[in-house]
Amino acid sequence: MRRVRHKYCLLSTWSPVVAWQRPRFSHQPAADRVQLRTGCGLFCRKDRVMEILSRDYNFHFHKATSDNNPAGTYFGEPRVEVSLIMKGSVRFIVDGRVRVVHAPCATLQAYHVDLHALSNSDQKVQTMWCHFSPDALSEDDWSVLENLPAAQPIPPLIPSLFAGALSLQQESAAPGEHDVTNHMRNSLGRTILAEYIRGTQLAGRTRPLPKAVSVAKKALDSEYSRSWTVPKLASLAGTNANYLIHLFKTYLGEPPMHYLWQRRLDAGIQMLQSTSLTIDEISHRCGFRSPAHFSRRVKERNGAPPSRFR
-15 MRRVRHKYCL LSTWSPVVAW QRPRFSHQPA ADRVQLRTGC GLFCRKDRVM EILSRDYNFH
45 FHKATSDNNP AGTYFGEPRV EVSLIMKGSV RFIVDGRVRV VHAPCATLQA YHVDLHALSN
105 SDQKVQTMWC HFSPDALSED DWSVLENLPA AQPIPPLIPS LFAGALSLQQ ESAAPGEHDV
165 TNHMRNSLGR TILAEYIRGT QLAGRTRPLP KAVSVAKKAL DSEYSRSWTV PKLASLAGTN
225 ANYLIHLFKT YLGEPPMHYL WQRRLDAGIQ MLQSTSLTID EISHRCGFRS PAHFSRRVKE
285 RNGAPPSRFR
């Protein structure tokens, strides 16, 4: 559960906001949304990004683990936040817009009004996050940050930067060292923000998939209803299971079985929207264990039951 020093509200279950608010879904890949645009629709200039990164911000760092315990945090003031979802999934409501982020993933929230961060009751969730007050940001700066991809695979340098900043924050600085410690922590925060932005730019550079990933991905995309296992996929792709998992995480940002469940969910939601098949029929065709399993996974990812898509 997130524990913060600032004004917050702990939620023992899903936020009531979700009950009436129709979520806005985005299935667009991060790589397709990587180009930065200003509010007037022009491509963002590099000097604008550099200006954002050169300013002084007061960063705060946190980490939390939630073991099968539904929990949430509410922030009711403007902030810019970079989060790492190391395990599990987190449901963010950012100024009324809903998205669900699955580990391993880095995500950015730039919000004017408020943020709800909610975890599920049936999984362990491990997160780290840092935030700063956006008082020094101009409207153009806000536009840059709001148009960054909201999520991406975790850039390699960011976890160690978080670890260093959290270590500094926990230290009891001796007299005269407090300013130096704060400067180091804030420098690490700016570097994390810079790495997030750099990661979105690197994600836009397409690179060919290794043959093993391409073969396994094609099989999952076309035969998602089959009872796949990682060893079966690895055998089909001509490699071993551990290496296939490594390749999927490197090139697709998630392990093979997580990719498979997302593919099944995408197919199921498409069937809900475009066919008159029952939930029982859809869950069977898409490879879910039961209609209840399908319904639960749809609600976990999108914040709404299958009936919302009819």
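Per this note's numbering, the sequence shown starts with residue -15, numbered consecutively. Just so you know, even glycine gets a beta-carbon here, dropped at the ideal spot from N, CA and C.
- By alpha-carbon distance to threonine 111, the top candidate from Arg81, Trp126, Pro143 and Leu249 is Pro143.
- The Cβ-Cβ distance between serine 103 and serine 38 does not fall below 8 Å.
- The beta carbon of valine 197 sits closer than 8 Å to those of Ala221, Leu228, Leu231, Phe232, Tyr235 and Leu236, all from its chain and outside the five residues before and after it, given in chain order.
- Within the same chain, Tyr41, Phe43, Cys114, Phe116 and Ala149 come within 7 Å of glycine 173 by CB-CB distance, once the 5 residues on both sides are set aside.
- Excluding five sequence positions before and after leucine 261, the CB atoms of its chain that fall closer than 6 Å to its own CB belong to Met255, given in chain order.
- Between glycine 252 and cysteine 270 the beta-carbon gap is near 4 Å, inside 8 Å, which marks them as a contact.
- Linking valine 82 to serine 151 through their CA atoms gives a straight-line distance of about 32 Å.
- Going by DSSP, arginine 292 is part of no beta strand (DSSP E) at all; its letter is neither H nor E.
- Here lysine 201 is buried: its Cβ has 16 or more other Cβ atoms, across all protein chains shown, within 10 Å.
- Threonine 165 and phenylalanine 146 have their C-alpha atoms spaced approximately 14 Å apart.
- Sorting Leu92, Gln107 and Gly80 by C-alpha distance to the C-alpha of histidine 100 places Gly80 at the top.
- In the structure shown, the three-state DSSP call for glutamine 107 is coil.
- In terms of Cβ geometry, histidine 86 and histidine 242 form a close pair [threshold 8 Å].
- Using a Cβ distance threshold of 8 Å, histidine 96 and proline 133 do not count as a contacting pair.
- Assignment of valine 214 by DSSP, reduced to helix, strand and coil, places it in the helix class.
- Annotation: aspartate 79 is outside any alpha helix (DSSP H) and is labelled neither H nor E by DSSP.
- Nearest Cα to glutamate 130 within the set Arg292, Gln153, Thr91 and Val109: Thr91.
- Phe45 is the residue among Phe45, Met34, Asp31 and Arg32 whose C-alpha sits nearest the C-alpha of arginine 169.
- DSSP places glycine 271 in the coil class of the three-state scheme, outside both helix and strand.
- For the options Lys108, Ser206, Pro140 and Val109, the alpha carbon positioned closest to that of arginine 182 is the one of Pro140.
- Scanning its chain for C-beta atoms nearer than 7 Å, with the 5 sequence neighbours on each side dropped, one finds around serine 279 the residues Ile263, Pro289 and Pro290, in chain order.
- If you look at valine 64, you'll find it isn't in any alpha helix (DSSP H); it sits in the beta strand (DSSP E) that goes 63 to 71.
- Between proline 192 and valine 214, the beta carbon gap of about 22 Å keeps them out of contact (Cβ cut-off 8 Å).
- If you look at serine 50, you'll find it in the beta strand (DSSP E) that goes 44 to 51.
- For threonine 57, the enclosing beta strand (DSSP E) starts and ends at 56 to 59.
- Closest by C-alpha distance to serine 127, out of Val84, Asp98 and Ala94, is Ala94.
- Per DSSP, leucine 261 is not a residue of any beta strand (DSSP E), being assigned neither H nor E.
- In the DSSP assignment, glutamine 136 forms a beta bridge with Ala90.
- Only residues of its own chain outside the window of five on either side were considered, and among them Gln93, Tyr95 and Leu99 have a CB closer than 7 Å to the CB of valine 78, listed in chain order.
- Counting the other Cβ atoms within 10 Å of the Cβ of arginine 210 gives fewer than 16, which makes it exposed.
- The C-alpha of isoleucine 69 is placed about 30 Å away from the C-alpha of glutamine 257.
- Counting other Cβ atoms within 10 Å of its Cβ, glycine 60 stays below 16 and is therefore classed as exposed.
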